[in-house]
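Structure, as structure tokens:
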Amino acid sequence: MLHIILALLDGVGPMQLTDMQRETLGLMKQALTSHRQAAERDGFDMLAYLLEMAIIEAGDIMQRGGDLSRGSELLAILGQDRRHPQ
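One rule links them: number in this note's numbering = place in the sequence shown (from 1) + 1.
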């Protein structure tokens, strides 16, 4: 799931979300929520926490209307952003 999120964030900056992207984020939030609940139920606390952060980020992207610049900064820090090679 993380590779999908990173792929969505890679190479994009401020923009407007398309209807398809908004729908994709909504579906991702649903799937992530289900996985977070399973992780909590089975005692995988760190995994549940990380999934919760992904849920929050997806919601933040939706609220910002597609401004993904914060995600690009994170990718640069992680060395995943091809626009900012390390």
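Glycine residues also receive a C-beta, built at the ideal position from the N, C-alpha and C atoms.
On a Cα-Cα basis, can you pick out the residue from the options that is closest to residue i?
i     : options                       : result
Thr34 : Gln22, Asp20, Met54 and Leu18 : Met54
Asp61 : Thr19, Asp20, Lys30 and Met21 : Lys30
Could you give the DSSP three-state label for residue i: helix, strand or coil?
i     : result
Gly60 : helix
Thr19 : coil
Asp43 : coil
Have a look at residue i and residue j and give me their C-alpha separation to the nearest angstrom.
i     : j     : result
Arg65 : Gln17 : 9 Å
Gln38 : Gly44 : 10 Å
Thr19 : Gly27 : 12 Å
Ile56 : Asp46 : 15 Å
Thr94 : Arg42 : Missing from the structure shown is residue 94; the chain here goes from 2 to 87 and no further.
Are residue i and residue j close, meaning C-beta to C-beta below 7 Å?
i     : j     : result
Ala49 : Ala59 : no
Leu51 : His36 : no
Could one say the Cβ of residue i lies closer than 7 Å to chain D's Cβ atoms, at least one of them?
i     : result
Ile56 : The question asks about chain D, but that chain is absent: this structure has only one protein chain.
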